[in-house]
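Line order of the protein sequences matches chains E and L. Residue 636 in the working numbering is what sits at position 636 of the first sequence, and the numbering runs on without skipping anything. Residue 1106 in the working numbering is what sits at position 106 of the second sequence, and the numbering runs on without skipping anything.
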Amino acid sequence: MREGRWPARLGRWLPEAARRDLYQPAVADLEVECTRRLTEAGSRSSRALLAARRGLILAWIFFECVRIVVLQHLVPAAQTARPTRRGRRRDMMDILRHDLRHALRLFGREPAFAAAAVLVLTLGIGATTALFAVVEAALLRPLPYRSADALVRVKHRDVRTGLAKPDIALGDFIDLAARQHAFEVFGGYYGFQSTLLGAGDPVRVQGLTATPELFEVLDLPLSMGRGFGPEDAREGAAPVAIVSHELWRTVLGSDANVLSRSVRLGATRTLIVGVASPGFRFPPDQRTDVIVPIALPVAAPGQRKSGWIYGLGRLREGVALEQAQAELATLSRQFEQAFPQQNQGSLYYVESLRDALVGDSKRPLLFLLAAVGFVLLIACANVGNLLLARSLARQQEFSIRLALGAGRGRVIAQIVTESTVLALAGGLAAVAVAWWVAPMVASLVPQTTAIPGLDRVGINPLVLLFALAVSLVAALVFSGVSCASLTRDGARGSLAASRRTTMTASARRASSGLVEVEIALAVILLIGAVLTLRSFANLLAVDPGFTARGVLLVQLELPAARYADAPARRAFYDRAFAGLEALPAVETVGAGVVTPLAGNNWTVPLRRPEYPVPAGERPPEVGWQAASGGYFRALNIPLRAGRLFDARDTAESAPVVIISESIATQYFAGEDAVGQRVIVGDDVTEIVGVVGDIRRAALTDTPRADMYFPFERQPRNSIGLFIRTAGDPLATLPAIRTTVHQIEPDAVLYDTRTMAEVTAESAAVTELSMRLLGGFAIVALALAAVGVYSVMAYTVGRRSRELATRLALGASRSDIIRLVMRQAVLIAAVGLTIGMVGGLLAARALSTVLYDVPPWDPVALAVAGAALAATTVAASCLPARRASRVDPVRTLAAE
Amino acid sequence: MQPRALPALTHLQYLVLGVLRTGPQPGRVLRQALASYGARRSGPAFYQLMARLERASLVEGWYEQITVGDQNVTERRYRVTPEGSRAWARVRSFYDEVSRLSSRVRWSDA
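In structure tokens form, the structure reads like this:
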């Protein structure tokens, strides 16, 4: 075989000497061998095989030369005869195996130490990993849509009131969609609930009404059928729907001919045109059983705020969130100038879909992760202190090994191995703890936050990687701490010293420093815990303006086909309310569209005929609610003046409203509001009553100006029933169901909760923060106490001779106690000072979950300081007492 | 008594020189000889050994054209230098001495 050009070309990459001495003769041998075999080979296939083999061997020869060249550079010439890299690797593995065996033997000899260290680490790493698993699911895991980072929600804020709404006025949505350039595609949607009929038993379904563009925004994958086209969203188009894969499988029996099948959705017969891919959900935290198209007008209606819709866009490639923000601000200004009476103060802005879903929970979650990180640090500091004391006890062992010729690197390697074994054992147990605890922590996160992914919290590769990384960092910290005692002087000196070894100055500083860090971190956690506790207490003490206790909330939906007109609905409600109020446990029954404290911010413009709104200005907005007279009685919302809604308020009667006290004082100051008129839409409406203010969207709200419209005038198909009961509200549920179903068997009752639960959910994020921070603070305090105790106990042991001398020279026992306590107080004071400063800084991050408590709350600072001081004193009492009982004669004689 | 010097050759170098004392050999034959004693070396690693011997002037190497089938190819061949022969003889006498001395020793496990 002729020597090809490739070997020569490859050889050019090698240094001259290597090419000449190693590469060329080896390649020559290869050529001889290959030529001989080629001569013997008969078939073309065996020749091809040989050529391939030759190429591989050539490459191998080249890399072998590279390896030798690199080794020659790394290892001095005199040592080239030493073991090869493989040999060195084998040696290292032997050393590692030896160190591992040694570490396990040592821990086996000191099981209490090993168990304590692993337990503390399990606690720290486990809690951190569990919380990280929750944060990973909520904030890090990609949303289940293509390029989900580019998805943004368009939201609305009234800059006059500061109230934010997640939805867009219909007129503004249509104009925004037409004029915007920041989005590749912009769609709208809203959710609904309905009953699916025509596929066996009626099924309650969660639906999504969407513009055809939403499919492009989400890049909705379909298992079969088609998406929506513009013709489906036209006025008068035949109703069509896409069903979820799960609904197709479970309710529609995996019908292969589903695409030609019609079902009834509420009152509408709907043709199924598609089946979504398995697992599709939008929003991602909600089930999506059915998707139907929205029929939107082509041009914006004159009444721009006649309807509301959620807006979702996909940012154009290369367009940043800020650019979209700026464009929406410009469009908002244009709308404001063009429609001042309707759009004054309306500002549209974008928020990434994830932030929109996670909402205000993001900061508390990250804060809690940081807080649990503090617990981990405290745990590490504690174990570090244990290791420091242990390495001190082993100083003689290290000194002997150094004296016998072991390199410092070898001793350090042993320490690192031991620390790594401890940390990994803790990490392993922590993963088991996190696997168990993470879903529990996720279940504590209130459902109302609608954070996606919380139902799938668990241990995945990223969480495992996190636990491993935390364990390795902990191992590194422990190694550093243990090596602090291994200074050159300490190692040399301790061999000659007596068996009683003492800490070197650096080790002493490290030990005290670790306890100071522990105390500082514990103070920060304590301040956070007290702040959230006080916030929670303040929230519980808030008067929402109504009495939640004893009230049951049940959502009711009537079959749309049977109750198409208002008189039929009214007749049903009259019978239902009478039947329910006849139940022995029921005191009052009311109906309302908006559930208080559930985040609703629907508003309506308030205009008085006597004071026309100046041109170019928009009337003020007040909260909107449609309620029956029983609603106020059931919730104990006090009537301040006039009357509540009653049988006089019918569809035929003159329109009336009830206003809240705030409207009366703000807009009818010095007048009797009852009997006055306001303009609502095109109607002039009479105010018939004034009721007390309530906190509408959340407990943290200020009491709001609300306007109530009579439910009796326009009873809806879907309503919330507010039922005040004499005893346990949930106990009356079966009787309520029976009564309603006796009147209308197809009525659906769902989403049953007590109003007390609704109220508690409003404080749930604060409660979650309080519970977790409280737990962390207690653990931190306990660990800090252990830290103080261990340092003081060690110090007393080390200073026993000095203490004995003092006693022998006439010091009293109380002098000795004071001496020891002074040192403990000094350590605590340093930790406390650092902790107070850190706590004040950290408390600012908590501000979103604080209510009526400033981050610099003196009570929180005082409580944290006092708790820490008490803990320090308690933890040092025992060592101080032991110090005062030192027997001078025996101690000095022993020394 | 003059202290005896330890051999300046490694056992592999000694082996290579020993094979070459029978006459010039191609590198691949020497490599096979080492392999037959259990000392398997990659081509480049073996020629590194030979390069060291050449630099120490214990062997001399050159390329020679040979014919395999109908193809002309080159191969690296080596011969031992007089200095190489002397070095081999010195090591041989050392091993002989060790062998002679150790033959009188009664090994406890013998």
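In this text, a Cβ means the ideal position worked out from N, Cα and C, and glycines have one as well. Just so we're clear, the structure is a prediction, and the values are computed from it rather than from any experiment.
Contact residues within the stretch 1069-1100 of chain L, judged by C-beta distance below 7 Å to chain E: Among the residues of the stretch 1069-1100 of chain L, those with a Cβ less than 7 Å away from any Cβ of chain E are Gly-1069, Gln-1071, Val-1073, Thr-1074, Glu-1075 and Arg-1076, in the order of the chain.
Taking buried to mean at least 16 other C-beta atoms within 10 Å of its own C-beta, is Thr-1067 (chain L) buried or exposed? So Thr-1067 (chain L) counts as exposed.
Where Gly-528 (chain E) sits in the DSSP three-state scheme: Gly-528 (chain E) falls in the helix class under three-state DSSP.
If I measure Cβ to Cβ from Leu-131 (chain E) and keep anything under 7 Å in the same chain, skipping five residues before and after, which residues do I get? Sequence-distant Cβ neighbours of Leu-131 (chain E) in its own chain, meaning closer than 7 Å and more than five residues away, are Leu-368, Leu-369, Val-372 and Val-441.
Would the stretch 535-551 of chain E and the stretch 879-891 of chain E be scored as touching if the rule is three or more Cβ pairs under 8 Å? No, because fewer than three Cβ pairs between the stretch 535-551 of chain E and the stretch 879-891 of chain E fall closer than 8 Å, the two stretches do not touch.
Do Thr-39 (chain E) and Gly-1043 (chain L) have their C-beta atoms within less than 7 Å of each other? Contact annotation: Thr-39 (chain E) and Gly-1043 (chain L) have beta-carbon atoms that are not nearer than 7 Å.
Residue span of the alpha helix (DSSP H) that contains Pro-25 (chain E), given as start and end: Run containing Pro-25 (chain E): 24-40, per the alpha helix (DSSP H) assignment.
In the DSSP output, what is Ala-687 (chain E) paired with across the bridge? Looking at the sequence shown, residue 687 (chain E) is not Ala but Ile. The beta-bridge partner set that DSSP reports for Ile-687 (chain E) consists of E:Val-657.
Kindly identify the DSSP beta-bridge partner or partners of Trp-1062 (chain L). DSSP links Trp-1062 (chain L) through a beta bridge to L:Arg-1077.
So which residues of chain E does Ala-1035 (chain L) contact, with C-beta pairs closer than 8 Å? Neighbours of Ala-1035 (chain L) in chain E, taken as residues whose beta carbon is under 8 Å from its own, are absent, since the nearest beta carbon is some 13 Å off.
Quick check: the Cα distance between Phe-577 (chain E) and Leu-259 (chain E), rounded to an integer number of angstroms? Approximately 42 Å between the Cα atoms of the pair.
According to DSSP, simplified to helix, strand and coil, what is Gln-206 (chain E)? Strand at Gln-206 (chain E).
Val-275 (chain E) vs Trp-248 (chain E) beta-carbon contact at 7 Å: The answer is yes: Cβ separation under 7 Å.
Verify the CB distance criterion: does Glu-64 (chain E) have a CB-CB separation below 7 Å to chain L? Yes, its Cβ sits closer than 7 Å to a Cβ of chain L.
Going by DSSP, which residues form a beta bridge with Val-604 (chain E)? Looking at the DSSP assignment, Val-604 (chain E) forms a beta bridge with E:Val-622.
Between which two residues does the beta strand (DSSP E) containing Leu-197 (chain E) stretch? Looking at the DSSP string, the run of the beta strand (DSSP E) that includes Leu-197 (chain E) is 183-197.
Kindly provide the ranges of any beta strand (DSSP E) runs that are 3 or more residues long and lie completely inside the stretch 742-818 of chain E, ordered along the chain. For the stretch 742-818 of chain E, whole beta strand (DSSP E) runs of length 3 or above, ordered along the chain, are 748-754.
Would the stretch 669-685 of chain E count as touching the stretch 579-590 of chain E if we require 3 or more Cβ pairs under 8 Å? Under the 8 Å Cβ criterion, the stretch 669-685 of chain E does not count as touching the stretch 579-590 of chain E, having fewer than three qualifying pairs.
So if DSSP puts Glu-351 (chain E) in a beta bridge, which residue, or which two residues, is it bridged to? Under DSSP, Glu-351 (chain E) takes part in a beta bridge, and its partners are E:Arg-153.
Beta carbon proximity, Tyr-1047 (chain L) to chain E, threshold 7 Å: Under the 7 Å criterion on CB atoms, Tyr-1047 (chain L) is classed as interfacial with respect to chain E.
Suppose the cutoff is 8 Å on Cβ atoms and the five residues either side in sequence are ignored; what does the same chain contact list for Thr-532 (chain E) look like? The residues are Thr-766, Ser-769, Met-770, Leu-773, Gly-774, Leu-846, Val-849 and Leu-850.
Within 7 Å (strictly less), CB to CB, does Ala-1039 (chain L) reach chain E? No, no contact with chain E.
Apart from the five residues on each side of it in sequence, which residues of its chain come closer than 6 Å, Cβ to Cβ, to Leu-10 (chain E)? Phe-62.
Going by the DSSP bridge assignment, what does Gln-1071 (chain L) pair with across the sheet? Residue pairing for Gln-1071 (chain L): DSSP places it in a beta bridge opposite L:Val-1068.
Between which two residues does the alpha helix (DSSP H) carrying Leu-14 (chain E) extend? Segment: none, Leu-14 (chain E) is in no alpha helix (DSSP H) and carries neither H nor E.
Cβ of Arg-1027 (chain L) within 7 Å of any chain E Cβ: The sequence shown places Gly at residue 1027 (chain L), rather than the Arg named in the question. By this cut-off, Gly-1027 (chain L) is an interface position.
For Ala-429 (chain E), which residues in the same chain have their Cβ closer than 6 Å to its Cβ, ignoring the five residues on either side in sequence? Closer than 6 Å at Cβ, skipping near neighbours: Thr-122.
Buried or exposed by the 16-neighbour rule on C-beta atoms within 10 Å, applied to Glu-327 (chain E): With 16 or more other Cβ atoms inside 10 Å of its own Cβ, Glu-327 (chain E) counts as buried.
Tell me, to the nearest whole angstrom, how far the beta carbon of Phe-722 (chain E) is from that of Gly-592 (chain E); I am working on the premise that it is less than 8 Å. Taking C-beta atoms under 8 Å as the contact rule, Phe-722 (chain E) and Gly-592 (chain E) qualify, at a distance of about 6 Å.
Along the chain, where does the alpha helix (DSSP H) that runs through Arg-408 (chain E) open and close? It spans 408-444 - the alpha helix (DSSP H) in which Arg-408 (chain E) sits, taken as one unbroken run.
Meets three-Cβ-pair contact criterion under 8 Å: the stretch 102-118 of chain E and the stretch 412-422 of chain E: In this structure the stretch 102-118 of chain E touches the stretch 412-422 of chain E; the number of beta carbon pairs closer than 8 Å is three or more.
Rounded distance between the beta-carbons of Val-290 (chain E) and Lys-191 (chain E), thought under 8 Å: Position check: residue 191 (chain E) holds Gly in this sequence, whereas Lys was assumed. That belief does not hold up - the Cβ atoms of Gly-191 (chain E) and Val-290 (chain E) are roughly 11 Å apart, past 8 Å.
CB-CB length for Arg-1090 (chain L) against Glu-1060 (chain L), believed under 8 Å: Wrong, their Cβ atoms sit about 19 Å apart, outside the cutoff.
So which of E:Gly-513, E:Val-134, E:Val-154 and E:Asp-746 has the shortest CA-CA distance to Val-463 (chain E)? The alpha carbon of Val-463 (chain E) has as its nearest neighbour, out of E:Gly-513, E:Val-134, E:Val-154 and E:Asp-746, the alpha carbon of E:Val-134.
Quick check: is the beta carbon of Val-32 (chain E) nearer than 7 Å to any beta carbon in chain L? So yes, Val-32 (chain E) belongs to the interface.
What would DSSP say about Glu-136 (chain E), mapped onto helix, strand or coil? Here Glu-136 (chain E) sits in helix by DSSP.
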